[in-house]
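Using the UniProt record's numbering, the letters of the sequence shown correspond one by one to residues 1 to 411.
Quick reminder that beta carbons are idealized off the backbone N, C-alpha and C, glycines included.
Please read all numbers here as calculations on a predicted model, not as lab measurements.
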Amino acid sequence: MFNHTNLSSKNVICWCLFLVPALLLSTPNFSVGVIAFSVIISTFYLLSNKNEIKLDKFDYLVMFSLSFYFFGAIPIAIYDGTTARYFQGGARLLLCIPIYVSLSHYLKIKKVNLREHLELGVIFGSASAFILAIYQFYYLEMGRVDGFLFSINFGYLACSLAFLAFTLTFSSNKKALLLTAFILGVFSVTLTLTRGAIFAIPILLILVTALKFKSLSFKHILTCASIFVIASIATYHYSSDFRQRIDFTISEFSHISSGDINNALSSGDRIQFWFAATQAFKVSPLIGLPYKEREHLNQKLHSEGKMGERASRINRGHAHSQYFEMLASNGLLGIISILAIFVFPFVLLASHYIKSSSEWAFSGTVFVAGFMIFGLTEVPLTANLIGSFYGFMLAVFFAIIASEKHNKSVH
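Here it is in C-alpha coordinates:
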(Lines of atoms letter the chains of each structure in order from A and count residues from 1; the text may use other names and numbers.)
(Lines give C-alpha, C1' and ligand atoms only; values in the text may rest on other atoms or scores of the structure.)
Protein backbone atom coordinates (compact mmCIF):
# COMPACT_ATOMS: atom_id res chain seq x y z
CA MET A 1 0.00 0.00 0.00
CA PHE A 2 2.94 2.24 -0.77
CA ASN A 3 5.75 2.85 -3.20
CA HIS A 4 9.46 2.24 -2.75
CA THR A 5 10.52 5.87 -2.66
CA ASN A 6 11.32 7.71 0.55
CA LEU A 7 7.84 9.16 0.69
CA SER A 8 8.42 6.77 2.59
CA SER A 9 6.90 3.31 2.40
CA LYS A 10 6.76 3.05 6.16
CA ASN A 11 5.01 6.41 6.55
CA VAL A 12 2.36 5.54 3.97
CA ILE A 13 1.60 2.21 5.64
CA CYS A 14 1.36 3.72 9.09
CA TRP A 15 -0.73 6.71 8.06
CA CYS A 16 -3.24 4.51 6.23
CA LEU A 17 -3.50 2.15 9.19
CA PHE A 18 -4.14 5.14 11.46
CA LEU A 19 -6.53 7.07 9.23
CA VAL A 20 -8.87 4.24 8.23
CA PRO A 21 -10.19 3.56 11.78
CA ALA A 22 -9.69 7.17 12.90
CA LEU A 23 -11.99 8.58 10.19
CA LEU A 24 -14.33 5.60 10.03
CA LEU A 25 -17.37 7.04 11.81
CA SER A 26 -16.57 10.72 12.33
CA THR A 27 -16.45 11.60 8.63
CA PRO A 28 -18.67 10.87 5.60
CA ASN A 29 -16.79 8.02 3.92
CA PHE A 30 -13.32 9.58 4.22
CA SER A 31 -12.01 6.15 5.24
CA VAL A 32 -13.11 4.81 1.86
CA GLY A 33 -10.95 7.48 0.25
CA VAL A 34 -7.95 6.38 2.32
CA ILE A 35 -8.59 2.75 1.36
CA ALA A 36 -8.90 3.70 -2.33
CA PHE A 37 -5.58 5.55 -2.03
CA SER A 38 -4.09 2.42 -0.44
CA VAL A 39 -5.28 0.30 -3.37
CA ILE A 40 -3.75 2.68 -5.92
CA ILE A 41 -0.41 2.97 -4.12
CA SER A 42 -0.34 -0.80 -3.57
CA THR A 43 -0.84 -1.38 -7.28
CA PHE A 44 2.07 0.93 -8.11
CA TYR A 45 4.19 -0.94 -5.57
CA LEU A 46 3.36 -4.28 -7.19
CA LEU A 47 4.22 -2.97 -10.64
CA SER A 48 7.51 -1.54 -9.37
CA ASN A 49 8.49 -4.75 -7.60
CA LYS A 50 6.87 -7.38 -9.83
CA ASN A 51 10.13 -9.26 -10.34
CA GLU A 52 10.75 -9.59 -6.60
CA ILE A 53 7.31 -10.78 -5.52
CA LYS A 54 6.88 -14.55 -5.36
CA LEU A 55 3.48 -15.90 -4.41
CA ASP A 56 3.11 -19.05 -2.32
CA LYS A 57 0.21 -21.34 -1.41
CA PHE A 58 -0.92 -19.12 1.45
CA ASP A 59 -1.05 -16.10 -0.86
CA TYR A 60 -3.27 -17.95 -3.31
CA LEU A 61 -5.61 -19.02 -0.50
CA VAL A 62 -5.92 -15.42 0.66
CA MET A 63 -6.57 -14.18 -2.86
CA PHE A 64 -9.25 -16.85 -3.23
CA SER A 65 -10.84 -15.63 0.01
CA LEU A 66 -10.87 -12.01 -1.13
CA SER A 67 -11.99 -12.66 -4.71
CA PHE A 68 -14.56 -15.46 -4.78
CA TYR A 69 -17.46 -13.31 -3.56
CA PHE A 70 -16.95 -11.18 -6.70
CA PHE A 71 -16.41 -14.00 -9.18
CA GLY A 72 -19.24 -16.04 -7.69
CA ALA A 73 -21.64 -13.22 -8.63
CA ILE A 74 -20.70 -13.16 -12.32
CA PRO A 75 -23.14 -15.89 -13.50
CA ILE A 76 -26.21 -14.33 -11.86
CA ALA A 77 -25.22 -10.83 -13.03
CA ILE A 78 -24.98 -12.10 -16.62
CA TYR A 79 -28.25 -14.02 -16.30
CA ASP A 80 -30.04 -10.97 -14.89
CA GLY A 81 -28.46 -8.55 -17.36
CA THR A 82 -30.03 -5.43 -15.81
CA THR A 83 -27.87 -4.46 -12.84
CA ALA A 84 -24.35 -4.68 -11.41
CA ARG A 85 -25.69 -4.61 -7.84
CA TYR A 86 -24.66 -8.26 -7.41
CA PHE A 87 -21.02 -7.11 -7.31
CA GLN A 88 -21.49 -4.57 -4.51
CA GLY A 89 -20.06 -6.76 -1.78
CA GLY A 90 -17.43 -8.71 -3.69
CA ALA A 91 -15.86 -5.82 -5.61
CA ARG A 92 -14.57 -4.11 -2.47
CA LEU A 93 -12.93 -7.27 -1.16
CA LEU A 94 -11.42 -7.97 -4.58
CA LEU A 95 -9.87 -4.49 -4.72
CA CYS A 96 -8.09 -5.12 -1.41
CA ILE A 97 -5.94 -7.92 -2.90
CA PRO A 98 -3.17 -5.47 -3.96
CA ILE A 99 -3.07 -4.19 -0.37
CA TYR A 100 -2.53 -7.72 0.91
CA VAL A 101 0.13 -8.70 -1.63
CA SER A 102 2.13 -5.47 -1.34
CA LEU A 103 1.97 -5.28 2.46
CA SER A 104 2.84 -8.95 2.98
CA HIS A 105 5.85 -8.55 0.68
CA TYR A 106 7.00 -5.38 2.43
CA LEU A 107 6.64 -6.87 5.92
CA LYS A 108 8.85 -9.80 4.91
CA ILE A 109 11.74 -7.47 4.08
CA LYS A 110 11.19 -4.53 6.48
CA LYS A 111 10.13 -4.03 10.07
CA VAL A 112 7.25 -1.64 10.67
CA ASN A 113 5.55 -0.73 13.95
CA LEU A 114 1.99 -1.19 12.78
CA ARG A 115 0.47 -1.75 16.21
CA GLU A 116 1.06 1.74 17.56
CA HIS A 117 -0.59 3.41 14.58
CA LEU A 118 -3.55 1.04 14.53
CA GLU A 119 -4.04 1.51 18.26
CA LEU A 120 -3.98 5.30 17.95
CA GLY A 121 -6.39 5.13 15.01
CA VAL A 122 -8.82 2.91 16.92
CA ILE A 123 -8.62 5.13 20.01
CA PHE A 124 -9.23 8.29 17.98
CA GLY A 125 -11.97 6.62 15.92
CA SER A 126 -13.85 5.31 18.97
CA ALA A 127 -13.58 8.65 20.78
CA SER A 128 -14.74 10.70 17.79
CA ALA A 129 -17.62 8.28 17.14
CA PHE A 130 -18.65 8.64 20.79
CA ILE A 131 -18.59 12.45 20.58
CA LEU A 132 -20.71 12.35 17.41
CA ALA A 133 -23.15 9.90 19.01
CA ILE A 134 -23.50 12.08 22.12
CA TYR A 135 -24.05 15.17 19.97
CA GLN A 136 -26.77 13.51 17.91
CA PHE A 137 -28.51 11.84 20.84
CA TYR A 138 -28.51 14.63 23.42
CA TYR A 139 -28.20 17.83 21.36
CA LEU A 140 -30.09 16.89 18.20
CA GLU A 141 -32.38 14.59 20.24
CA MET A 142 -32.20 11.78 17.70
CA GLY A 143 -33.85 8.58 18.93
CA ARG A 144 -31.22 6.44 17.20
CA VAL A 145 -27.86 7.96 16.34
CA ASP A 146 -26.53 7.23 12.86
CA GLY A 147 -23.51 9.47 12.28
CA PHE A 148 -23.22 9.83 8.52
CA LEU A 149 -24.72 6.37 7.92
CA PHE A 150 -27.81 4.37 8.75
CA SER A 151 -28.04 3.70 12.49
CA ILE A 152 -27.62 -0.04 11.98
CA ASN A 153 -24.37 0.44 10.03
CA PHE A 154 -23.06 2.95 12.57
CA GLY A 155 -23.78 0.37 15.28
CA TYR A 156 -21.90 -2.41 13.49
CA LEU A 157 -18.82 -0.29 12.86
CA ALA A 158 -18.82 1.16 16.38
CA CYS A 159 -18.96 -2.39 17.74
CA SER A 160 -16.13 -3.45 15.44
CA LEU A 161 -13.94 -0.54 16.58
CA ALA A 162 -14.78 -1.29 20.21
CA PHE A 163 -13.57 -4.87 19.95
CA LEU A 164 -10.49 -3.92 17.98
CA ALA A 165 -9.67 -1.69 20.95
CA PHE A 166 -10.48 -4.42 23.46
CA THR A 167 -8.44 -7.15 21.77
CA LEU A 168 -5.45 -4.85 21.27
CA THR A 169 -5.51 -4.09 25.01
CA PHE A 170 -4.06 -7.45 26.03
CA SER A 171 -0.55 -6.80 24.69
CA SER A 172 -0.46 -3.00 24.60
CA ASN A 173 1.22 -0.35 26.70
CA LYS A 174 -1.85 1.84 26.10
CA LYS A 175 -4.23 -0.37 28.08
CA ALA A 176 -6.07 2.48 29.80
CA LEU A 177 -6.70 4.37 26.56
CA LEU A 178 -7.78 1.24 24.68
CA LEU A 179 -10.13 0.15 27.46
CA THR A 180 -11.60 3.64 27.46
CA ALA A 181 -12.02 3.39 23.68
CA PHE A 182 -13.80 0.06 24.15
CA ILE A 183 -16.21 1.53 26.70
CA LEU A 184 -16.90 4.56 24.51
CA GLY A 185 -17.49 2.27 21.55
CA VAL A 186 -19.97 0.14 23.47
CA PHE A 187 -21.77 3.29 24.61
CA SER A 188 -21.98 4.47 20.99
CA VAL A 189 -23.43 1.10 19.96
CA THR A 190 -26.09 1.41 22.66
CA LEU A 191 -27.16 4.83 21.40
CA THR A 192 -27.86 3.37 17.95
CA LEU A 193 -30.24 0.79 19.46
CA THR A 194 -28.94 -1.63 16.81
CA ARG A 195 -29.88 -5.04 18.16
CA GLY A 196 -27.52 -6.93 15.86
CA ALA A 197 -24.59 -4.98 17.31
CA ILE A 198 -25.85 -4.89 20.91
CA PHE A 199 -26.40 -8.66 21.06
CA ALA A 200 -23.00 -9.20 19.43
CA ILE A 201 -21.26 -7.63 22.44
CA PRO A 202 -21.82 -10.49 24.95
CA ILE A 203 -21.14 -13.12 22.27
CA LEU A 204 -17.82 -11.52 21.36
CA LEU A 205 -16.92 -11.16 25.04
CA ILE A 206 -17.51 -14.90 25.44
CA LEU A 207 -15.30 -15.57 22.40
CA VAL A 208 -12.54 -13.36 23.84
CA THR A 209 -12.79 -15.27 27.12
CA ALA A 210 -12.59 -18.61 25.32
CA LEU A 211 -9.53 -17.58 23.30
CA LYS A 212 -7.77 -16.05 26.33
CA PHE A 213 -9.02 -18.60 28.86
CA LYS A 214 -5.55 -19.91 29.75
CA SER A 215 -4.22 -16.44 30.53
CA LEU A 216 -7.27 -15.21 32.46
CA SER A 217 -7.84 -16.00 36.11
CA PHE A 218 -11.26 -16.96 37.42
CA LYS A 219 -11.26 -13.68 39.34
CA HIS A 220 -10.76 -11.69 36.11
CA ILE A 221 -13.56 -13.55 34.34
CA LEU A 222 -15.97 -13.21 37.27
CA THR A 223 -15.18 -9.51 37.70
CA CYS A 224 -15.68 -8.72 34.01
CA ALA A 225 -18.89 -10.77 33.84
CA SER A 226 -20.25 -8.99 36.92
CA ILE A 227 -19.42 -5.56 35.50
CA PHE A 228 -21.13 -6.45 32.22
CA VAL A 229 -24.28 -7.74 33.94
CA ILE A 230 -24.49 -4.73 36.26
CA ALA A 231 -23.92 -2.31 33.36
CA SER A 232 -26.60 -4.06 31.28
CA ILE A 233 -29.14 -3.95 34.11
CA ALA A 234 -28.34 -0.30 34.83
CA THR A 235 -28.71 0.63 31.16
CA TYR A 236 -32.04 -1.17 30.98
CA HIS A 237 -33.23 0.56 34.16
CA TYR A 238 -32.10 4.12 33.39
CA SER A 239 -32.44 4.31 29.58
CA SER A 240 -36.06 4.31 28.48
CA ASP A 241 -35.10 3.95 24.80
CA PHE A 242 -32.90 0.93 25.50
CA ARG A 243 -35.59 -0.59 27.71
CA GLN A 244 -38.24 -0.13 25.03
CA ARG A 245 -35.95 -1.75 22.46
CA ILE A 246 -35.38 -4.80 24.65
CA ASP A 247 -39.07 -5.04 25.56
CA PHE A 248 -39.95 -4.77 21.87
CA THR A 249 -37.59 -7.67 21.13
CA ILE A 250 -39.11 -9.79 23.89
CA SER A 251 -42.59 -8.99 22.55
CA GLU A 252 -41.52 -10.02 19.05
CA PHE A 253 -40.14 -13.34 20.26
CA SER A 254 -43.39 -13.91 22.15
CA HIS A 255 -45.39 -13.40 18.94
CA ILE A 256 -43.05 -15.69 17.01
CA SER A 257 -43.17 -18.47 19.62
CA SER A 258 -46.98 -18.36 19.56
CA GLY A 259 -47.04 -18.62 15.77
CA ASP A 260 -48.20 -15.02 15.26
CA ILE A 261 -45.21 -14.19 13.09
CA ASN A 262 -46.83 -11.31 11.16
CA ASN A 263 -47.18 -9.23 14.32
CA ALA A 264 -43.44 -9.48 14.99
CA LEU A 265 -42.77 -6.44 12.82
CA SER A 266 -38.99 -6.72 12.50
CA SER A 267 -37.87 -10.18 13.57
CA GLY A 268 -40.97 -11.81 12.11
CA ASP A 269 -40.41 -10.21 8.72
CA ARG A 270 -36.77 -11.28 8.77
CA ILE A 271 -37.75 -14.89 9.40
CA GLN A 272 -40.08 -14.68 6.40
CA PHE A 273 -37.31 -13.11 4.28
CA TRP A 274 -35.04 -16.01 5.22
CA PHE A 275 -37.73 -18.54 4.33
CA ALA A 276 -38.23 -16.85 0.96
CA ALA A 277 -34.47 -16.96 0.36
CA THR A 278 -34.42 -20.73 0.90
CA GLN A 279 -37.26 -21.07 -1.61
CA ALA A 280 -35.28 -18.99 -4.11
CA PHE A 281 -32.33 -21.32 -3.60
CA LYS A 282 -34.55 -24.31 -4.33
CA VAL A 283 -35.69 -22.72 -7.60
CA SER A 284 -32.12 -21.98 -8.78
CA PRO A 285 -29.61 -23.79 -6.55
CA LEU A 286 -26.52 -23.38 -8.74
CA ILE A 287 -26.23 -19.65 -9.50
CA GLY A 288 -29.14 -18.16 -7.55
CA LEU A 289 -32.24 -16.23 -8.57
CA PRO A 290 -32.34 -12.66 -10.04
CA TYR A 291 -33.91 -9.89 -7.99
CA LYS A 292 -37.04 -9.54 -10.13
CA GLU A 293 -37.73 -13.26 -10.01
CA ARG A 294 -37.25 -13.21 -6.24
CA GLU A 295 -39.85 -10.45 -5.98
CA HIS A 296 -42.28 -12.52 -8.06
CA LEU A 297 -41.52 -15.59 -5.95
CA ASN A 298 -42.30 -13.65 -2.76
CA GLN A 299 -45.64 -12.55 -4.21
CA LYS A 300 -46.38 -16.16 -5.13
CA LEU A 301 -45.52 -17.29 -1.60
CA HIS A 302 -47.90 -14.64 -0.25
CA SER A 303 -50.71 -15.80 -2.54
CA GLU A 304 -50.15 -19.33 -1.24
CA GLY A 305 -50.40 -18.12 2.36
CA LYS A 306 -46.76 -18.92 3.10
CA MET A 307 -45.63 -15.32 3.52
CA GLY A 308 -47.21 -12.17 4.96
CA GLU A 309 -48.22 -9.32 2.68
CA ARG A 310 -45.87 -6.79 4.28
CA ALA A 311 -42.85 -9.07 4.05
CA SER A 312 -43.67 -10.08 0.46
CA ARG A 313 -43.31 -6.48 -0.74
CA ILE A 314 -39.61 -6.13 0.12
CA ASN A 315 -37.57 -4.67 -2.77
CA ARG A 316 -35.44 -7.17 -4.72
CA GLY A 317 -36.60 -9.93 -2.37
CA HIS A 318 -33.94 -8.65 0.04
CA ALA A 319 -33.17 -11.33 2.66
CA HIS A 320 -31.84 -9.08 5.48
CA SER A 321 -29.06 -11.58 6.16
CA GLN A 322 -25.65 -11.84 4.54
CA TYR A 323 -25.96 -15.62 4.54
CA PHE A 324 -29.48 -15.93 3.16
CA GLU A 325 -28.96 -13.11 0.65
CA MET A 326 -25.92 -14.87 -0.81
CA LEU A 327 -27.79 -18.17 -0.77
CA ALA A 328 -30.71 -16.70 -2.71
CA SER A 329 -28.74 -14.47 -5.09
CA ASN A 330 -25.75 -16.73 -5.78
CA GLY A 331 -26.92 -20.27 -4.99
CA LEU A 332 -24.17 -22.84 -4.47
CA LEU A 333 -21.63 -20.20 -5.50
CA GLY A 334 -23.01 -18.09 -2.65
CA ILE A 335 -22.33 -20.88 -0.15
CA ILE A 336 -18.73 -21.06 -1.36
CA SER A 337 -18.54 -17.27 -1.09
CA ILE A 338 -19.71 -17.43 2.53
CA LEU A 339 -16.98 -19.94 3.28
CA ALA A 340 -14.45 -17.67 1.55
CA ILE A 341 -15.32 -14.38 3.26
CA PHE A 342 -16.21 -15.61 6.74
CA VAL A 343 -15.36 -19.22 7.54
CA PHE A 344 -11.91 -19.38 5.94
CA PRO A 345 -10.63 -16.13 7.54
CA PHE A 346 -12.01 -17.12 10.94
CA VAL A 347 -10.52 -20.63 10.86
CA LEU A 348 -7.18 -19.41 9.48
CA LEU A 349 -6.78 -16.65 12.07
CA ALA A 350 -8.04 -18.74 14.98
CA SER A 351 -5.80 -21.70 14.14
CA HIS A 352 -2.79 -19.40 13.75
CA TYR A 353 -3.52 -17.88 17.16
CA ILE A 354 -3.84 -21.32 18.78
CA LYS A 355 -0.54 -22.44 17.25
CA SER A 356 1.49 -19.27 17.73
CA SER A 357 -0.31 -17.12 20.35
CA SER A 358 -0.10 -14.27 17.83
CA GLU A 359 -1.90 -11.22 19.20
CA TRP A 360 -2.58 -10.09 15.65
CA ALA A 361 -4.35 -13.38 14.91
CA PHE A 362 -6.32 -12.97 18.15
CA SER A 363 -7.56 -9.52 17.15
CA GLY A 364 -8.29 -10.72 13.63
CA THR A 365 -10.29 -13.71 14.84
CA VAL A 366 -12.57 -11.54 16.98
CA PHE A 367 -12.83 -8.95 14.20
CA VAL A 368 -14.06 -11.54 11.68
CA ALA A 369 -16.38 -13.12 14.26
CA GLY A 370 -18.04 -9.75 14.75
CA PHE A 371 -18.91 -9.47 11.07
CA MET A 372 -20.10 -13.08 11.04
CA ILE A 373 -22.59 -12.09 13.75
CA PHE A 374 -23.58 -8.82 12.06
CA GLY A 375 -24.31 -10.80 8.90
CA LEU A 376 -26.96 -12.89 10.61
CA THR A 377 -29.63 -10.18 10.47
CA GLU A 378 -28.33 -7.77 7.82
CA VAL A 379 -26.23 -7.69 4.63
CA PRO A 380 -23.44 -5.40 5.88
CA LEU A 381 -20.79 -6.14 3.25
CA THR A 382 -22.87 -4.56 0.47
CA ALA A 383 -22.62 -1.19 2.26
CA ASN A 384 -19.77 0.87 0.82
CA LEU A 385 -18.02 1.83 4.07
CA ILE A 386 -18.53 -1.49 5.85
CA GLY A 387 -17.44 -3.64 2.91
CA SER A 388 -14.37 -1.48 2.29
CA PHE A 389 -13.38 -1.51 5.97
CA TYR A 390 -13.83 -5.28 6.26
CA GLY A 391 -11.76 -5.91 3.13
CA PHE A 392 -9.01 -3.51 4.22
CA MET A 393 -8.67 -4.99 7.70
CA LEU A 394 -8.76 -8.55 6.34
CA ALA A 395 -5.95 -7.66 3.94
CA VAL A 396 -3.91 -6.19 6.81
CA PHE A 397 -4.47 -9.15 9.14
CA PHE A 398 -3.72 -11.64 6.37
CA ALA A 399 -0.52 -9.79 5.43
CA ILE A 400 0.70 -9.80 9.03
CA ILE A 401 -0.08 -13.51 9.43
CA ALA A 402 1.78 -14.23 6.17
CA SER A 403 4.78 -12.36 7.57
CA GLU A 404 4.61 -14.28 10.85
CA LYS A 405 4.47 -17.55 8.96
CA HIS A 406 7.80 -16.54 7.42
CA ASN A 407 9.15 -16.01 10.97
CA LYS A 408 8.98 -12.24 10.66
CA SER A 409 7.37 -10.79 13.77
CA VAL A 410 5.28 -7.64 13.32
CA HIS A 411 5.00 -5.05 16.09
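*Whose C-alpha, out of Gly89, Asn153, Ile233 and Ser126, is nearest the C-alpha of valine 186?*
Ser126
*Enumerated in chain order, which unbroken segments of the alpha helix (DSSP H) with a length of 4 residues or greater are wholly contained in the stretch 337-381?*
344-356 and 359-374
*Quick one, are the C-beta atoms of aspartate 146 and phenylalanine 154 less than 7 Å apart?*
yes
*Can the beta-carbon of aspartate 80 be found closer than 7 Å to that of proline 290?*
yes
*In angstroms, rounded to a whole number, what distance separates the CA positions of phenylalanine 2 and alanine 181?*
Confidence in phenylalanine 2 is poor, its pLDDT being 49 and thus under 50, which makes the residue's placement too unreliable to answer from.
*Give the secondary structure of arginine 83 by DSSP, where H, G and I count as helix, E and B as strand, and everything else as coil.*
A small fix is needed here, since residue 83 is threonine in this sequence, not arginine. Threonine 83: coil per DSSP, three-state reduction.
*Check whether the stretch 365-372 touches the stretch 26-38, taking contact to mean three or more Cβ pairs, one atom from each stretch, closer than 8 Å.*
no
*Any idea if valine 283 is buried or exposed, counting beta-carbon neighbours within 10 angstroms, 16 or more meaning buried?*
exposed
*For histidine 220, count neighbouring Cβ atoms within 10 angstroms of its own Cβ and tell me buried if that reaches 16, exposed if not.*
exposed
*Below 7 Å CB to CB, which residues in the same chain sit around lysine 306 once its five sequence neighbours on both sides are set aside?*
none
*threonine 382 versus isoleucine 78: straight-line alpha-carbon distance, rounded*: 19 Å
*Straight-line CA distance for phenylalanine 389 to isoleucine 287?*
27 Å
*Taking the continuous alpha helix (DSSP H) assigned at threonine 194, which residues delimit it?*
Threonine 194 -> no alpha helix (DSSP H), and no H or E assigned at all.
*Relative to the alpha-carbon of threonine 192, which residue among Thr169, Phe242, Ser217 and Ala176 has its alpha-carbon at the smallest distance?*
For threonine 192, the closest of Thr169, Phe242, Ser217 and Ala176 by C-alpha to C-alpha distance is Phe242.
*Grab me the residues of phenylalanine 398's own chain with a C-beta within less than 6 Å of its C-beta, minus the 5 sequence neighbours each way, in chain order.*
Val62 and Tyr100
*Of the residues Ser303, Gly196 and Leu184, the one placed nearest isoleucine 152, counting alpha carbons only*: Gly196
*Expressed to the nearest angstrom, what Euclidean distance is found between the alpha-carbon atoms of proline 345 and aspartate 269?*
30 Å
*Assign glutamine 244 to buried or exposed, taking buried as 16 or more other Cβ atoms, counted over all protein chains shown, within 10 Å of its Cβ.*
Exposed is the call here.
*Sort Tyr135, Thr209, Gly143 and Phe150 by Cα distance to phenylalanine 163 and report the nearest one.*
Thr209
*Under 8 Å by Cβ, that's how I've got glycine 387 and glycine 89 pegged, so tell me the actual separation to the nearest angstrom.*
6 Å
*Collapsed DSSP secondary structure at isoleucine 41 in the structure displayed*: Isoleucine 41: helix per DSSP, three-state reduction.
*Comparing alpha-carbon positions, which option in Lys175, Leu339, Asn330 and Val379 lies nearest serine 321?*
With distances taken between Cα atoms, serine 321 lies closest to Val379.
*asked:* Can you look up alanine 383 in the DSSP assignment and give me helix, strand or coil?
replied: coil
_Just verifying my parser: in three-state terms, what is the DSSP assignment at glycine 143?_
The three-state secondary structure of glycine 143, taken from DSSP, is coil.
*Which residue comes first and which comes last in the alpha helix (DSSP H) that contains aspartate 269?*
If you look at aspartate 269, you'll find it in the alpha helix (DSSP H) that goes 267-283.
*If you count every other CB in all the chains shown that lies within 10 Å of the CB of leucine 333, and 16 or more means buried, which is it?*
buried
*Residues near leucine 7 in its chain [Cβ-Cβ closer than 6 Å; skip 5 each side]*: Low confidence applies here, because leucine 7 scores a pLDDT of 46, under 50, leaving its location unreliable; read the following figure in that light. Result list for leucine 7: empty, nothing under 6 Å.
_Taking the beta carbon of aspartate 59 as the centre, do at least 16 other beta carbons fall within 10 Å, making it buried, or is it exposed?_
Taking every protein chain shown into account, the CB of aspartate 59 has 16 or more other CB atoms within 10 angstroms, so this residue is buried.
*By how many angstroms is the C-alpha of isoleucine 198 removed from the C-alpha of threonine 190?*
7 Å
*Collapsed DSSP secondary structure at valine 112 in the structure displayed*: coil
*asked:* Does glutamate 304 come out as helix, strand or coil in the three-state DSSP assignment?
replied: coil
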